[in-house]
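Reading through the structure tokens given below for one structure.
Residue numbers (our numbering): 51 to 149.
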């Protein structure tokens with residue numbers, strides 16, 4: 051993570067100019083620096099996150115494509131089997147109706 055440049059001294063001085071006691075202003079500045087360092091998203095962090103998410107999406111798409119091809123293969127086999135079973139029953143049906 052990149053370092054975030056926060057002017058805690060300048061912040062503390064501005065608080066003091068507004069009437070905040072020096073000790074309290076220093077604590078405010080320290081806490082503000084901690085909060086900002088934890089909550090700011092840096093471009094490098096966002097790029098790493100984007101790269102990670104894109105990789106996961108690509109992996110998921112590849113898995114889905116593979117599974118879809120398996121399903122298509124299974125469907126083709128099932129169609130052939132159903133067709134074969136129907137063709138075996140045709141003589142029986144023909145005999146029943148025309149026999």
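From the three backbone atoms N, C-alpha and C, an ideal C-beta is built for every residue, glycine too.
- Counting other Cβ atoms within 10 Å of its Cβ, residue 102 stays below 16 and is therefore classed as exposed.
- For residue 56, there is no enclosing alpha helix (DSSP H), as DSSP marks it with neither H nor E.
- Residue 128 and residue 121 have their alpha carbons spaced roughly 10 Å apart.
- Sequence-distant partners of residue 78 (beyond 5 residues in either direction) whose C-beta falls short of 8 Å from its own C-beta, in its chain, are 61, 62, 65, 70.
- Residue 75 counts as buried, since at least 16 other C-beta atoms from the protein chains shown sit within 10 angstroms of its C-beta.
- Annotation: the continuous alpha helix (DSSP H) that includes residue 93 extends over 93-148.
- Taking the Cα of residue 55 as reference, the smallest distance to any Cα among 73, 67, 138, 92 is reached at 92.
- It is roughly 50 Å from the alpha-carbon of residue 106 to the alpha-carbon of residue 68.
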